[in-house]
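J.: Here it is, the structure, as structure tokens.
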Amino acid sequence: MRNGGIAQRLSVSRQPVGQALALLKSQGFVKEAGRRGLVVAHLDAVFFKSIYELRSAIEPMAARLAAMRMTRESEQEGKLIIREGYRALRSGELSALVQADARHYWNHLRRAMGEVLQSKDEGKLVWRQHEEIFNALAARDGERAGRMVQAHLESAVARVLAVVESHARMHGPA
33 MRNGGIAQRL SVSRQPVGQA LALLKSQGFV KEAGRRGLVV AHLDAVFFKS
83 IYELRSAIEP MAARLAAMRM TRESEQEGKL IIREGYRALR SGELSALVQA
133 DARHYWNHLR RAMGEVLQSK DEGKLVWRQH EEIFNALAAR DGERAGRMVQ
183 AHLESAVARV LAVVESHARM HGPA
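Listed below in structure tokens is the structure:
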């Protein structure tokens, strides 16, 4: 991809496109490909494993705190997010499913989760886990929410790494 072609297709100047591509490059989403310009970077298993290690350390505590501090408004928002996730799952639209799932997770995980969520069975498991975590939060049961988040992360890292490693076998390392 090149600045000029993207700018022309989007009917914008080259400067914001260049800035956006520089940001994507700095975050590892695209990389230099010589004369071809920039290309989408391969998924990096080490990067995703490190994100899940960090999440595993932080999110169970965050779930316990969220359960203690749950307000009616956040409970209603949580119910809406769960319904949105199931609606996206039923629609079969990958972009809607990834977008709904991203409301729970960091933007860095969107690509990998998009790969995982292409499977209806995986999507059902993910949204069942989200709903169970939310139900524990809504019940103000921080300990159960923390355990469920931990279990969710452990199963999620296995699914994401399987996709990343499969991609690396098919396309070579990043």
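In this text, residue positions in the sequence shown follow our numbering: the first is 33, and each later residue adds one.
Even glycine gets a Cβ: it sits at the ideal position worked out from N, Cα and C.
(1) State the DSSP-derived secondary structure class of residue 42, mapped to helix, strand or coil.
(2) Using the rule of at least 16 other Cβ atoms within 10 Å of the residue's Cβ for burial, across every protein chain shown, is residue 174 buried or exposed?
(3) Do residue 35 and residue 49 come within 7 Å of each other at the CB atom, strictly closer than that value?
(4) Going by DSSP, what residues sit across from residue 107 in a beta bridge?
(5) Take residue 159 as the anchor and find which of 90, 121, 56 has the nearest alpha-carbon.
(6) In its own chain, which residues sit with a C-beta less than 6 Å from the C-beta of residue 98, not counting the 5 before and 5 after it?
(7) Return the chain-ordered list of same chain residues with a C-beta closer than 7 Å to the C-beta of residue 184, the five sequence neighbours on each side being excluded.
(8) Could you tell me the boundaries of the beta strand (DSSP E) in which residue 1 lies?
T.: In short, the structure shows the following:
(1) Along the sequence shown, one-based indexing puts residue 42 at 10. It is helical.
(2) Taking the sequence shown and counting its residues from 1, one reaches residue 174 at position 142. Result: buried.
(3) Stepping through the sequence shown from its first residue, residue 49 is reached at position 17. Stepping through the sequence shown from its first residue, residue 35 is reached at position 3. Yes. Within cutoff.
(4) For the purposes of this step, residue 107 is identified with residue 75 of the sequence shown, where counting begins at 1. In the DSSP output, where bridge partners are listed per residue, residue 107 has none listed.
(5) By one-based count along the sequence shown, residue 159 stands at place 127. For the residues 90, 121, 56, the minimum Cα distance to residue 159 belongs to 121.
(6) By 1-based counting over the sequence shown, the position of residue 98 is 66. Hits under 6 Å: 169.
(7) Counting from 1 along the sequence shown, the entry for residue 184 is found at position 152. Only 161, 165 meet the Cβ criterion.
(8) In this structure the chain extends from 33 to 206, so residue 1 is not present and cannot be described.
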